[in-house]
Amino acid sequence: MSLVELIAQADARGLAASGLACLDRCLPLLDGDDDVLRPLWATLADADVTGGGPAWAGAWDQARGRLAGPGAAGEDEAVLLARRMLDAAPPGCSAAEVRVWADACSVASLRIHRLLDPATEDAGGAGAGPEEPTQGEAPLVAAELRRQVSVLELLAGHGPAGLRAALDVSTEGRRVLRAVVSRRARGRG
0 MSLVELIAQA
10 DARGLAASGL
20 ACLDRCLPLL
30 DGDDDVLRPL
40 WATLADADVT
50 GGGPAWAGAW
60 DQARGRLAGP
70 GAAGEDEAVL
80 LARRMLDAAP
90 PGCSAAEVRV
100 WADACSVASL
110 RIHRLLDPAT
120 EDAGGAGAGP
130 EEPTQGEAPL
140 VAAELRRQVS
150 VLELLAGHGP
160 AGLRAALDVS
170 TEGRRVLRAV
180 VSRRARGRG
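If you're matching positions, the sequence shown starts at 0 in numbering that gives the first Met the number 0 and goes up one per residue.
Take a look at the structure:
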């Protein structure tokens, strides 16, 4: 199935994990430590995740507080997109609340990876629209697409038991993006 189809068929937990994983992989842009979103991953393991409740909302408040950074004045587009993912996270975790957010996170994360991919950066960020990537995408973008699909497939196939593997997929992507961001900063400095 395509990414669009997987998002359309995902349940509330799958959608929440998908959006959270996209943001988790983009943490290096927000100068966040690797564990800042862990409480949110933990709330997704609850049996009644669709209610959201105080644990979900409280974990988001805590994460936003820890990731509060400078204003938008000096931030580039990739950082702004990551910050929007964080700011737009819904207080509840019902399918209706997280579906729009998960879709927006998917698009934003793919856009971020296009902006940061050295292959598209050399071409001036060409082909950086919100549509689903094609086979000819740059390696960083293609890998992000695979990770998004993998997270949704893990949750669809294994339910809450797939969360650990989904977090592992996200952690791998975060490490890759951290290396790209670091290399990019050294190149500018």
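Using N, Cα and C, we set each Cβ at its ideal position, and we do this for glycine too.
In the three-state reduction of the DSSP assignment, residue 102 falls in the helix class, which pools H, G and I.
With a beta-carbon spacing of about 5 Å, residue 165 and residue 16 fall inside the 8 Å limit used to define contacts. A straight line joining the alpha-carbon of residue 41 with that of residue 175 spans about 23 Å. For residue 137, the three-state secondary structure derived from DSSP is coil.
In this chain, residue 116 is not harboured by any alpha helix (DSSP H), its DSSP state being neither H nor E. Listed in chain order, the non-local C-beta contacts of residue 112 below 6 Å within the same chain comprise 139, 140, 143, local neighbours out to five positions each way being set aside. Distances from the alpha-carbon of residue 0 to those of 35, 184, 150 put 150 closest.
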